[in-house]
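Colleague:
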Amino acid sequence: MIRDITIGQYYPADSPIHRLDPRTKLFGTLVYIVSLFFADNLWCYGAATLFLAAAVRISRVPFRFIVRGLKAVVFLLLISVSFNLFLTDGRVLWQAGFLKITDAGLRLALFMGLRLAYLVIGSSIMTLTTTPNQLADGLEKSLGFLNRARVPVHEISMMMSIALRFIPILVEETDKIMKAQMARGADFESGNVIRRAKSMIPILVPLFVSAFRRATDLAMAMEARCYRGGEGRTKMKPLQYERRDGFAYAVLLAYLAAVIALRLIW
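Our numbering puts the first residue of the sequence shown at 87, with every later residue one more than the last.
Printed below as a string of structure tokens:
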């Protein structure tokens with residue numbers, strides 16, 4: 087399951103989404119998340135499905151690679167669906183003891199499962215088509231107005247960029263530690279959930295040691311290069327909007343308007 091985490095990884099490809107400005111992709115992800123929380127009927131989720139399918143197609147990232155990220159949140163997905171399915175009042179469709187399935191619970195569980203799955207897939211498309219440096223630059227540029235309120239936007243963007251960059255590194259490090267432990271006779275697959283959780287403890291100690299060592303090396307490297315924050319810094323590739331970004335904004339606003347209209351009509 088550790089190897090199935092796709093958030094934070096970059097998939098190199100030559101696609102229209104890869105060439106978009108990172109600010110456009112951040113805005114698009116925000117619009118898509120808002121539309122998912124605004125949707126409350128099958129027509130809205132149908133529009134969200136078509137939009138997501140088109141984005142996956144245009145991104146040229148293999149669908150299997152994107153969906154693989156759902157394995158890391160399948161447990162959370164099952165818990166959310168189960169709670170909404172069995173603990174929602176309404177017209178009873180099936181009942182066994184204290185467990186019951188209602189029409190409202192079935193509808194809410196379906197929408198909650200789709201919403202969580204689409205959230206993960208939509209966020210994965212943004213990170214898979216945007217490098218951590220581009221994402222940090224786009225976030226810093228988008229939130230630049232907060233500098234007037236003395237919010238350290240550059241530092242926040244830098245921390246997010248470092249965190250996203252460390253995700254695939256820590257995943258690879260975890261995989262190496264697990265293989266080393268398995269070569270010494272460790273078993274991570276058999277037993278119940280509690281036993282599997284206990285078997286992960288020998289992995290956490292060397293993983294935390296490695297993470298702190300990498301963080302210390304990174305801090306020393308930044309200090310050796312006289313890093314002093316974002317004030318007065320220039321960029322080798324400044325962000326500039328192009329015609330395709332304007333077209334993407336128009337498509338996003340049209341999609342959001344369509345979802346709002348579908349909710350109001352049905």
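C-beta atoms are modelled at their ideal positions from N, C-alpha and C, and glycine is treated no differently.
Under the three-state reduction of DSSP, which class applies to valine 237: helix, strand or coil?
Modeller: Taking the first residue of the sequence shown as 1, we reach residue 237 at position 151. It is coil, neither helix nor strand.
Colleague: By a C-beta neighbour count over all protein chains shown, 10 Å radius and 16 as the cutoff for buried, is glutamate 226 buried or exposed?
Modeller: The residue labelled residue 226 in the question sits at position 140 within the sequence shown. So glutamate 226 ends up on the buried side.
Colleague: Starting from threonine 188, follow its DSSP beta bridges and name the residues at the other end.
Modeller: Position 102 of the sequence shown holds residue 188. Answer is Val178.
Colleague: Please identify the residue among Phe184, Lys323 and Tyr341 whose C-alpha is closest to the C-alpha of aspartate 107.
Modeller: Translated into the one-based positions of the sequence shown, residue 107 becomes position 21. Looking at the Cα atoms, Lys323 is the closest of the given residues.
Colleague: Apply the 10 Å Cβ neighbour rule to isoleucine 321 and answer buried if 16 or more other Cβ atoms are within range, or exposed otherwise.
Modeller: Taking the first residue of the sequence shown as position 1, residue 321 is located at position 235. As written in the sequence, residue 321 is lysine, which differs from the isoleucine given in the question. Exposed.
Colleague: Report the option in Ala140, Trp180, Gln95 and Arg193 whose CA atom is closest to the CA atom of arginine 154.
Modeller: Position 68 of the sequence shown, counted from the first residue, corresponds to residue 154. Answer by Cα proximity: Gln95.
Colleague: Let me know if glutamine 326 comes out buried or exposed under the rule of 16 or more other beta-carbons within 10 Å of its beta-carbon.
Modeller: Here residue 326 refers to the residue found at position 240 when the sequence shown is read from its first residue. Classification of glutamine 326: exposed, given that the 10 Å Cβ count is below 16.
Colleague: Hey, how far is the Cα of arginine 300 from the Cα of isoleucine 346?
Modeller: Indexing the sequence shown from 1 puts residue 300 at position 214. Indexing the sequence shown from 1 puts residue 346 at position 260. Arginine 300 and isoleucine 346: Cα-Cα distance of roughly 46 Å.
Colleague: Assuming arginine 109 and serine 228 are in contact, meaning their beta carbons sit under 8 Å apart, how far apart are those beta carbons, in whole angstroms?
Modeller: Against the sequence shown, residue 109 aligns to sequence position 23. Against the sequence shown, residue 228 aligns to sequence position 142. The pair is a contact, with the Cβ atoms about 5 Å apart (cut-off 8 Å).
Colleague: Taking lysine 227 as part of the alpha helix (DSSP H), name the residues at either end of that continuous run.
Modeller: Working through the sequence shown from its first residue, we reach residue 227 at position 141. Start and end: 218-228.
Colleague: As an exercise, report each continuous alpha helix (DSSP H) stretch of at least 4 residues that is fully enclosed by the stretch 96-148, in chain order.
Modeller: Within the stretch 96-148, the complete alpha helix (DSSP H) runs of at least 4 residues are 108-124 and 128-145.
Colleague: Residues in the same chain with beta-carbon distance under 7 Å from leucine 194, minus the five sequence neighbours each way, listed in chain order, please.
Modeller: Position 108 of the sequence shown, counting from 1, holds the residue named residue 194. Cβ within range, chain order: Asn170 and Thr174.
Colleague: Which of helix, strand or coil does DSSP assign to glutamate 328?
Modeller: Counting from 1 along the sequence shown, the entry for residue 328 is found at position 242. Looking at glutamate 328 - three-state DSSP - the assignment turns out to be coil, as it is neither helix nor strand.
Colleague: Would the stretch 337-345 and the stretch 110-126 be scored as touching if the rule is three or more Cβ pairs under 8 Å?
Modeller: Cβ pair count under 8 Å is three or more, so yes.
Colleague: What number of angstroms, rounded off, separates the C-alpha of leucine 192 from the C-alpha of threonine 213?
Modeller: Numbered from 1 along the sequence shown, position 106 holds the residue referred to as residue 192. Numbered from 1 along the sequence shown, position 127 holds the residue referred to as residue 213. Roughly 32 Å separates the two Cα atoms.
Colleague: Inspect the CB distances between the stretch 259-278 and the stretch 237-244 and report whether three or more fall short of 8 Å.
Modeller: No, the stretch 259-278 does not touch the stretch 237-244.
Colleague: Could you pull out every residue in the same chain whose Cβ sits closer than 6 Å to the Cβ of serine 296, ignoring the five residues on either side in sequence?
Modeller: Your numbering for residue 296 matches position 210 in the sequence shown. Glu259.
Colleague: Do the CB positions of threonine 217 and serine 145 come within less than 9 Å of each other?
Modeller: Stepping through the sequence shown from its first residue, residue 217 is reached at position 131. Stepping through the sequence shown from its first residue, residue 145 is reached at position 59. In this structure, serine 145 does not lie closer than 9 Å to threonine 217 by Cβ.
Colleague: Go ahead and label valine 178 buried or exposed: buried means 16 or more other beta carbons lie within 10 angstroms of its beta carbon, across all protein chains shown.
Modeller: One-based indexing of the sequence shown puts residue 178 at position 92. It counts as exposed.
Colleague: Tell me whether aspartate 261 sits in a helix, a strand or coil according to DSSP, three-state version.
Modeller: Counting from one through the sequence shown, the residue named residue 261 turns up at place 175. DSSP places aspartate 261 in helix when its eight states are reduced to three.
Colleague: Three-state secondary structure (DSSP) at isoleucine 155?
Modeller: Here the question's residue 155 lines up with position 69 in the sequence shown. Isoleucine is not the amino acid found at residue 155; the sequence shown has glycine there. Of the three classes helix, strand and coil, the one that applies to glycine 155 here is helix, per DSSP.
Colleague: How is the alpha helix (DSSP H) around glutamate 275 delimited, first residue to last?
Modeller: Indexing the sequence shown from 1 puts residue 275 at position 189. Counting along the chain, glutamate 275 falls outside any alpha helix (DSSP H), and DSSP gives it neither H nor E.
Colleague: Give the straight-line distance between the Cα atoms of lysine 28 and arginine 314, rounded to the nearest whole angstrom.
Modeller: The shown model of the chain, from 87 to 352, leaves out residue 28, and the question about it has no answer.
Colleague: Ignore the nearest five residues each way along the sequence and tell me which others in leucine 338's own chain have a CB closer than 6 Å to its CB.
Modeller: Here the question's residue 338 lines up with position 252 in the sequence shown. Hits under 6 Å: Gly114 and Val117.
Colleague: Sorted by chain position, which residues of the same chain lie with C-beta nearer than 6 Å to cysteine 130's C-beta, five sequence neighbours on each side aside?
Modeller: The sequence position of residue 130 within the sequence shown is 44, counting from 1. Val345, Leu348 and Arg349, listed in sequence order.
Colleague: Out of curiosity, what's the CA-to-CA distance linking alanine 140 and serine 285?
Modeller: Residue 140 sits at position 54 when you count from the first residue of the sequence shown. Residue 285 sits at position 199 when you count from the first residue of the sequence shown. Roughly 42 Å between the two C-alpha positions.
Colleague: Once the 5 residues before and after aspartate 273 are set aside, which same chain residues still bring their CB inside 8 Å of it?
Modeller: Within the sequence shown, numbered from 1, the residue matching residue 273 stands at position 187. Cβ within range, chain order: Ser285.
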